[in-house]
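There are 2 protein chains.
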Amino acid sequence: MARGTREDRGAFRAFGAFGDLRWSVAIGRAVERMTKASSLGLEAIEVVRLHEQVYQTLTRALMSGRIPPGRKLTSRKLAAELGTSDMPVRAALVRLQSLRALVALPNGSLILPRMRRGQFADLMAARVLCEGQAAELVASHATAADLRAIRQAGAALTQAALDQDIDDYLARNYEFKFHIYRACGSEALIFLIETLWLQAAPFLRQFAGKFEGALAGILEIDYHDELAAALAERNATLAGALMRRDIHEGAEYLLAHGDFDAEASS
Amino acid sequence: MARGTREDRGAFRAFGAFGDLRWSVAIGRAVERMTKASSLGLEAIEVVRLHEQVYQTLTRALMSGRIPPGRKLTSRKLAAELGTSDMPVRAALVRLQSLRALVALPNGSLILPRMRRGQFADLMAARVLCEGQAAELVASHATAADLRAIRQAGAALTQAALDQDIDDYLARNYEFKFHIYRACGSEALIFLIETLWLQAAPFLRQFAGKFEGALAGILEIDYHDELAAALAERNATLAGALMRRDIHEGAEYLLAHGDFDAEASS
DNA sequence: CGATGAATTATGCGATCACATTTTGAGGGA
DNA sequence: TCCCTCAAAATGTGATCGCATAATTCATCG
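So the protein sequences, as listed, match chains G and L. For what it's worth, numbering that gives the first Met the number 0 labels the leading residue of the first sequence as 0, then goes sequentially. For what it's worth, numbering that gives the first Met the number 0 labels the leading residue of the second sequence as 0, then goes sequentially.
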């Protein structure tokens, strides 16, 4: 595919590219070809489809806030950027659209939607509902290993806040929360929560990023330490309440300080 | 495309075909071509993409229980059945997979998954959570027109139960419930509920269908009349409780009487 | 008759092509 | 400077092609 010849296109460099997309895809393909080497005693290699890799890459870019609201994502540009054809990109985009992470313009173009204040509040209310419930379930379902992992993730989160590293904080926050949710024992609930995060997470970085300096203060509305403790005590009611409060107060903070899209439309 | 030449393939006739898929798709295409007729004063015609029509068709087939669990859905067969190429079918299938309505086998084939008892209980618990909350919201958000529509849908539902028509009952039940949810004012919640129904609805017909005769008794665990009344009085707490009870008792009934997949596997 | 293995078919996945429409950009005129 | 026009590029969408693997069929052998 003459990978070198497109080095200068870089339509997406504007927002820092997607990282090392092209490399990971290229490696994935090489790996795929090695699948049936020869019968030496080698472990099986998991085949990862291109469209899956593209999806993972786009998801990471979205979740970490590297794609600005309003950005149009075209399959051809992305395909060129990744060094693949349209097809795997289209499949990934269809997935993201069906999960409401992207929305279609009247002509079918897909954009990362702009977020209106009311919309964000709505999403956060749904998060409170689902994630509060998940936290309650975890208090009764979690294994000792789960609780240990949750505590560790919580410690890393605290450290990120103290380090004033907003990107690290958001990533650690995701890790901490999903360590909890994955231990709740309800596949259905986990899936719902994932879809909510896919819709909301792209905006956290935008809104939170404006207060780079004030990150230390965020611990005042962050109850993850108490939450981890409540889970360890298997206090479902308290854990649920703390999770809800954490999400609610974080949402209040962002609703107060973030700049959203104009409320008028639709 | 020589549509007539495939008349005898009909791989999906086995479960009653998908209805009039091919016709609706063909009509859709004809309509699409008429879009830019001439500037007489005609109303605009909405262009509906093929992949969207395919998705709608498959969704209807799923939701009404016309596709048996374990059925493999292949893009080529469906495309032949519908008289289109693979591409629109693939897009529709990707959507259904990403919403967990279909699941992929290791080789990438998609099937309507079999449902295990624990899984179904899990889904129903998530429904109780989300739909209970939605009912509460409706009590405060609904307009008078909403309430009128809900009452009408409720009356139709009652009639279907008295008529002992299981398919009509399930369809009316869907209509009634979603009249409510759509009035809740939370787009996020509606979306979550839709995904839950897409996962659960394909099995309702299977499980409920075994008790063809006993349908009159279903009204004993069906609180839609009381629910409509509670909404009309804007009693949020009661409406939420009734919705939860309706779902819960319906789920208990199916869990007790339905035949699920063996619980063992994963 | 039942099992085994080879040939055939079906299928997932990605690439490429084709077409209509939309979007963009340059040029020119008021 | 602003607006209009028109050509060129971009884009969504669907069809078709090709390859590798998986599933199925069928014939042969025990």
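Here a beta-carbon is modelled for each residue, glycine too, at the ideal position from N, C-alpha and C.
Below-9 angstroms beta-carbon distance, residue i vs any chain G residue
{"i": "residue 130 (chain L)", "result": "no"}
{"i": "residue 206 (chain L)", "result": "no"}
{"i": "residue 254 (chain L)", "result": "no"}
{"i": "residue 194 (chain L)", "result": "yes"}
{"i": "residue 116 (chain L)", "result": "no"}
{"i": "residue 198 (chain L)", "result": "yes"}
DSSP state of residue i mapped onto helix, strand, coil
{"i": "residue 115 (chain L)", "result": "strand"}
{"i": "residue 85 (chain L)", "result": "helix"}
{"i": "residue 260 (chain G)", "result": "strand"}
{"i": "residue 182 (chain L)", "result": "coil"}
{"i": "residue 152 (chain L)", "result": "helix"}
{"i": "residue 66 (chain L)", "result": "coil"}
{"i": "residue 47 (chain L)", "result": "coil"}
{"i": "residue 31 (chain G)", "result": "Low local confidence applies: a pLDDT of 42 at residue 31 (chain G) is under 50, so the model's placement there is unreliable, with the coordinate-based value given in what follows. If DSSP states are grouped into helix, strand and coil, residue 31 (chain G) belongs with the helices."}
{"i": "residue 95 (chain L)", "result": "helix"}
{"i": "residue 103 (chain G)", "result": "strand"}
{"i": "residue 223 (chain G)", "result": "helix"}
Given residue i as reference, the closest of the options once Cα atoms are compared
{"i": "residue 312 (chain L)", "options": "L:135, L:259 and L:128", "result": "Only positions 0 to 265 of chain L appear in this structure, which leaves residue 312 (chain L) out of reach."}
{"i": "residue 185 (chain G)", "options": "G:199, G:137, G:173 and G:142", "result": "G:137"}
{"i": "residue 65 (chain L)", "options": "L:200, L:159 and L:75", "result": "L:200"}
{"i": "residue 253 (chain G)", "options": "G:118, G:179 and G:147", "result": "G:118"}
{"i": "residue 52 (chain G)", "options": "G:75, G:122, G:88 and G:93", "result": "G:88"}
{"i": "residue 172 (chain L)", "options": "L:226, L:120 and L:128", "result": "L:226"}
{"i": "residue 126 (chain L)", "options": "L:249, L:156, L:101 and L:224", "result": "L:249"}
{"i": "residue 50 (chain G)", "options": "G:44, G:151, G:81 and G:62", "result": "G:81"}
{"i": "residue 106 (chain G)", "options": "G:120, G:123, G:73 and G:121", "result": "G:73"}
{"i": "residue 188 (chain L)", "options": "G:223, G:124, G:162 and G:228", "result": "G:124"}
{"i": "residue 141 (chain L)", "options": "L:180, L:120, L:161 and L:122", "result": "L:180"}
{"i": "residue 197 (chain G)", "options": "G:101, G:45 and G:154", "result": "G:101"}
{"i": "residue 109 (chain L)", "options": "L:48, L:246, L:152 and L:76", "result": "L:76"}
{"i": "residue 160 (chain G)", "options": "G:220, G:45 and G:237", "result": "G:220"}
{"i": "residue 243 (chain G)", "options": "G:154, G:222, G:90 and G:256", "result": "G:222"}
{"i": "residue 48 (chain G)", "options": "G:217, G:121, G:83 and G:150", "result": "G:83"}
{"i": "residue 152 (chain L)", "options": "L:162, L:90 and L:170", "result": "L:170"}
{"i": "residue 251 (chain L)", "options": "L:61, L:217, L:238 and L:178", "result": "L:217"}
CB contact below 9 angstroms: residue i versus chain L
{"i": "residue 185 (chain G)", "result": "yes"}
{"i": "residue 107 (chain G)", "result": "yes"}
{"i": "residue 243 (chain G)", "result": "no"}
{"i": "residue 150 (chain G)", "result": "no"}
{"i": "residue 181 (chain G)", "result": "no"}
{"i": "residue 48 (chain G)", "result": "yes"}
{"i": "residue 140 (chain G)", "result": "no"}
Where residue i meets chain G, residues with beta-carbon distance less than 7 angstroms
{"i": "residue 93 (chain L)", "result": "90, 93 and 94"}
{"i": "residue 97 (chain L)", "result": "94, 97 and 98"}
Contact list for residue i against chain L, beta-carbon separation under 7 angstroms
{"i": "residue 125 (chain G)", "result": "185, 187, 188 and 191"}
Closer than 9 angstroms at the beta carbon, the chain G residues around residue i
{"i": "residue 121 (chain L)", "result": "184, 185, 186, 187 and 188"}
Measuring CB atoms only, is the region 196-207 of chain G touching the region 165-177 of chain G, in the sense that at least three cross pairs come out at less than 8 angstroms? Yes: the two stretches touch, three or more of their Cβ pairs being nearer than 8 angstroms.
Counting Cβ pairs closer than 8 angstroms, one from the region 146-166 of chain G and one from the region 69-80 of chain G, do we hit at least three? no
Evaluate contact between the region 187-194 of chain L and the region 123-130 of chain L, counting only Cβ atoms and requiring at least three cross-stretch pairs below 8 angstroms. yes
The region 105-118 of chain L contacting the region 256-263 of chain L, beta-carbon criterion three pairs below 8 angstroms: yes
Please confirm if the region 92-99 of chain L is in contact with the region 45-62 of chain L, defined as three or more CB-CB distances below 8 angstroms between the two stretches. yes
Between the region 226-241 of chain G and the region 141-159 of chain G, can you find at least three pairs of beta-carbon atoms closer than 8 angstroms? yes
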